[in-house]
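Residue numbers (the working numbering): 370 to 512. Even for Gly, the Cβ is constructed at its ideal location relative to N, Cα and C.
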């Protein structure tokens, strides 16, 4: 993408490219997600190219917890637990979506004709913890 990404940023896909790496069939081109965009996952850190001196294998190595500059490779968690930037008001067990300022928030429930239904917002996953220091553990499972 054309902007820096930090660990915990929620991302959306903007394209798919063939991978030059031996262990990856394709690469997702991502950008910071905005509210309402299709959520694909959360960045866990910068990634860099690595060529094995022993085998010559060409792969990517994740540098967890390191920010990525525009155009860098990043590791994206598309399923599983990850530390995500959050706003307030996220409860354990609540489905989360992207709110303002690129931080997750709880999916809101609304009453319609006596029934309680979740708002129609892309879901990133399920909150596994309460927010702490501006982050929350989320089991990523986009829907």
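Which ranges does the beta strand (DSSP E) cover as unbroken runs of at least 3 residues, wholly within the stretch 397–423, from first to last along the chain?
List check, beta strand (DSSP E) in window: 410–420.
In the DSSP assignment, what residue or residues form a beta bridge with residue 442?
Working through the chain shown from its first residue, we reach residue 442 at position 73. According to DSSP, residue 442 bridges with 416.
When you compare only the Cα positions, how much space is there between residue 440 and residue 370?
On the chain shown, position 71 is the one that residue 440 refers to. On the chain shown, position 1 is the one that residue 370 refers to. Their backbone Cα atoms lie some 5 angstroms apart in a straight line.
Are the CB atoms of residue 476 and residue 485 within a distance shorter than 7 angstroms?
By one-based count along the chain shown, residue 485 stands at place 116. By one-based count along the chain shown, residue 476 stands at place 107. Their beta carbons are not under 7 angstroms apart, which means residue 485 does not touch residue 476 by this criterion.
Quick check on residue 413: buried or exposed, where buried means 16 or more other Cβ atoms within 10 Å of its Cβ?
The count along the chain shown starts at 1 and reaches residue 413 at position 44. With 16 or more Cβ atoms within 10 Å of its Cβ, residue 413 is classed as buried.
Let me know the secondary structure DSSP gives residue 471 once reduced to three states.
Locating residue 471 in the chain shown gives position 102, where the first residue counts as 1. It is helical.
If we call anything under 7 angstroms between Cβ atoms a contact, is residue 397 one with residue 411?
The residue given as residue 397 occupies position 28 in the chain shown. The residue given as residue 411 occupies position 42 in the chain shown. No; because the gap between Cβ atoms is not below 7 angstroms, this pair is not in contact.
Answer with buried or exposed for residue 376, where buried requires no fewer than 16 other C-beta atoms within 10 angstroms of its C-beta.
Indexing the chain shown from 1 puts residue 376 at position 7. Buried, by the Cβ-count rule.
Can you tell me the Cβ-Cβ gap for residue 509 and residue 446, rounded? I've got them flagged as a contact below 8 angstroms.
Counted from its first residue, the chain shown places residue 509 at position 140. Counted from its first residue, the chain shown places residue 446 at position 77. Indeed, because the Cβ distance is near 5 angstroms, the residues count as touching under 8 angstroms.
Are the CB atoms of residue 496 and residue 461 nearer to each other than 7 angstroms?
Residue 496 sits at position 127 when you count from the first residue of the chain shown. Residue 461 sits at position 92 when you count from the first residue of the chain shown. Cβ atoms of residue 496 and residue 461: closer than 7 angstroms.
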